[in-house]
Structure formats: C-alpha cells, structure tokens
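Residue numbers (my numbering), protein chains in the order written: chain G, 31 to 183; chain F, 1319 to 1489.
Don't be surprised by glycine CBs; every beta carbon is placed ideally from N, CA and C.
Presented below is the structure to which this report refers.
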C-alpha cells in the first residue's frame, strides 16, 4: 500500500469552546448589578478626581484599590469619541445587522466605554455624536444588558 | 446567569472558535481506512518504525514515508491517566482512564479510552483490544472504536516495556 497525498484531504467543522466564567471584583460587580436592577450606569472616581467608566478595581495612577464608595452615576447618554463601522456582524455580536463599534464617553465620565451604536447606516455616524444607552428587557447582570447605544433624539 | 436581587460577582464570557479543519493527507488516509475498520500506519524507510496514524515524513529522519502498513486493533498500554475530576460537558462517569496504547505492529502510541476495567487495575503492560461500534455506524472517525478493553492475556513485563519505550522513544 502506498500513501496517496494527491487525494483530497478530509475536512470538517471543528469547534473549540472555553466556557469561561470570570469573577468581577466588587466594583465591576456593583456596575453590572446596577445595570441589571436599575438600568443605571456607574463610573468610579479616582484619587486624581477622574471618573472612569467602565469602572476599574484599582486606581491607575496610585495602584491603590478603589472602593464601591467611589462609584458615581454617569450617563445614560454620552458622545462618541471614536468608531468603526461593521458591515457584516459576526455570531455573538450585540446586533445582527450592520452597526458601529464605538468608544462612548458617558456624560460625567472622563474615559470611554466600548459598545455598539445602532445608527442604521455608516453615514449617520459622526465622531462627537450624541448617543444614549438602550437596555434589554430581560437583564442577566453582564454587559449584554445594554442592547446597544442609539443616536439621541 | 445571575440570580435576581443577588449582587453580581461573576460574568459568563464563553469563547467559541469555529474551525474548518483539514486533517491533511496522512490522517485522511487513516480515517478513510478506519471507515472500513482497518487501522493504518506508515513505515519509515530508514528505521523501519511504523507510525500510527500515518505521517508524510519520518519524525526521526525526515524521509518521506510512502509505505502504508495495516496494524492490529490489539495492543499494549504504555502509560495512562485516570480522570477523577468532573468538568464542563463531560459525558463519562468518573473515574475513567485514558491510555497511550501501542498497537501490535506499531511503534507509536495512540490515545484512547479504556473501559471494562476498574481504574485501580490499570497498569503499564496491560494487553488491550478495541471495542468497535456496530459496522453500520462506521464513519471517517476514531470514534468507530468506542473504547479499548483488557484482553485478559498476560501483561508485557515492565522491563520489556522500558526497553521498548527506549527503542520507541523517537516514534
């Protein structure tokens, strides 16, 4: 018997899955809890007085732990600081039709949150445009509880 | 999924990677044969060692390997691990053993499940044989072999295994 490498190789679908569950820490835990229970967005105030949203567990300047006491309400509206248009969403993306991935600086925050903007078309997107969060009816306590952001009326 | 009214302490972030996977010429040959219930290896022209599943070139000498050899569905356990931990999506009842099995006529090991053998009785040198699915269910898949089970024959003596492992260490 001879090995024939001219014959077409067999191929098949292969799916590799990692069922991760990540611990949030107290600050992000509160961030997701507030979204789920009250549709409220929180940022965290650092020692230098900056308000970061999404909040972080440690102060990026001093590296000291931040506390849930440092959380303040931001948004739910804000403006787009940067964006890219996605013509063909992939499985698992927040929307099934074309949308923009955008960095959104919520009102009251000094840093930007990455989320989807459902603007209808690329021509409707502008850096600096005003957007507002749209929340899901059924919320589970993660970032998908925000369906997307939409242009503010 | 978090429970309502309980503070969120973790989030699910599953990752799913979808591949269109090509197994290559060597394993395609192997899988087409296993559809027929045959197990193939390829022989190194320089050392004579038989690799299962077939490879296109020798691991030791890099020579092209063209000669295919049919090997037995019986072999010897060289080493094994016992799975004692429950994990996501697990279908087998713990504890169970996975073994490196060198099939008769082969110089490299394949890994497969051992059943019909209490894990306490697992040992290197144990002779095992394949338990196949019903012929009507055969596809191009190693799962045509459901598992390996002990044959009940006398073990390969441990000294011989060590010698064989030294000889086969490059296979």
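Within this structure, are the beta carbons of residue i and residue j separated by less than 7 Å?
{"i": "residue 171(G)", "j": "residue 52(G)", "result": "no"}
{"i": "residue 1419(F)", "j": "residue 1395(F)", "result": "yes"}
{"i": "residue 159(G)", "j": "residue 110(G)", "result": "yes"}
{"i": "residue 1463(F)", "j": "residue 1448(F)", "result": "yes"}
{"i": "residue 163(G)", "j": "residue 137(G)", "result": "no"}
{"i": "residue 95(G)", "j": "residue 74(G)", "result": "no"}
{"i": "residue 1475(F)", "j": "residue 1446(F)", "result": "no"}
{"i": "residue 1370(F)", "j": "residue 1426(F)", "result": "yes"}
{"i": "residue 1393(F)", "j": "residue 1421(F)", "result": "yes"}
{"i": "residue 54(G)", "j": "residue 1375(F)", "result": "no"}
Taking only the alpha-carbon atoms, compute the straight-line gap between residue i and residue j and give it to the nearest angstrom.
{"i": "residue 32(G)", "j": "residue 130(G)", "result": "54 Å"}
{"i": "residue 42(G)", "j": "residue 1348(F)", "result": "15 Å"}
{"i": "residue 62(G)", "j": "residue 89(G)", "result": "19 Å"}
{"i": "residue 64(G)", "j": "residue 169(G)", "result": "11 Å"}
{"i": "residue 1466(F)", "j": "residue 1436(F)", "result": "13 Å"}
{"i": "residue 1339(F)", "j": "residue 38(G)", "result": "13 Å"}
{"i": "residue 1373(F)", "j": "residue 1404(F)", "result": "34 Å"}
{"i": "residue 59(G)", "j": "residue 92(G)", "result": "22 Å"}
{"i": "residue 40(G)", "j": "residue 165(G)", "result": "45 Å"}
{"i": "residue 1357(F)", "j": "residue 49(G)", "result": "34 Å"}
{"i": "residue 77(G)", "j": "residue 97(G)", "result": "11 Å"}
{"i": "residue 150(G)", "j": "residue 174(G)", "result": "20 Å"}
{"i": "residue 1438(F)", "j": "residue 1480(F)", "result": "21 Å"}
{"i": "residue 1319(F)", "j": "residue 1335(F)", "result": "Below a pLDDT of 50, predicted positions are generally treated as unreliable, and residue 1319(F), at 48, falls in that range; no measurement from the model is reported."}
Pick from the options: whose alpha carbon is nearest that of residue i?
{"i": "residue 1400(F)", "options": "1465(F), 1413(F), 1335(F) and 1365(F)", "result": "1413(F)"}
{"i": "residue 141(G)", "options": "80(G), 127(G), 154(G) and 46(G)", "result": "80(G)"}
{"i": "residue 179(G)", "options": "153(G), 167(G), 152(G) and 144(G)", "result": "144(G)"}
{"i": "residue 1331(F)", "options": "167(G), 153(G) and 122(G)", "result": "122(G)"}
{"i": "residue 36(G)", "options": "1329(F), 1333(F), 1344(F) and 1393(F)", "result": "1344(F)"}
{"i": "residue 161(G)", "options": "173(G), 151(G) and 135(G)", "result": "135(G)"}
{"i": "residue 1485(F)", "options": "1326(F), 1365(F), 1325(F) and 1456(F)", "result": "1365(F)"}
{"i": "residue 183(G)", "options": "154(G), 119(G), 112(G) and 102(G)", "result": "154(G)"}
{"i": "residue 1460(F)", "options": "1430(F), 1482(F) and 1477(F)", "result": "1430(F)"}
Can you check whether the C-beta of residue i is within less than 7 Å of a C-beta belonging to chain F?
{"i": "residue 54(G)", "result": "yes"}
{"i": "residue 155(G)", "result": "no"}
So, is the C-beta of residue i closer than 7 Å to a C-beta in chain G?
{"i": "residue 1349(F)", "result": "yes"}
{"i": "residue 1343(F)", "result": "yes"}
{"i": "residue 1384(F)", "result": "yes"}
{"i": "residue 1325(F)", "result": "yes"}
{"i": "residue 1306(F)", "result": "Any question about residue 1306(F) goes unanswered here, given that chain F covers just 1319 to 1489."}
{"i": "residue 1335(F)", "result": "yes"}
{"i": "residue 1520(F)", "result": "Not covered by the structure: residue 1520(F). The range shown for chain F is 1319 to 1489."}
Measuring from the CB of residue i, is there a heavy atom of the ligand MN at a distance below 6 Å?
{"i": "residue 1373(F)", "result": "The ligand MN is not among the ligands present in this structure, which contains no ligands whatsoever."}
Closer than 9 Å, Cβ to Cβ, to anything on chain B: give me those residues from the stretch 39-50 of chain G, in chain order.
The chain labelled as chain B is not found among the protein chains of the depicted structure, namely G and F.
With three or more C-beta pairs closer than 8 Å as the rule, is the stretch 1383-1393 of chain F touching the stretch 1350-1359 of chain F?
Yes, since at least three Cβ pairs between the stretch 1350-1359 of chain F and the stretch 1383-1393 of chain F fall closer than 8 Å, the two stretches touch.
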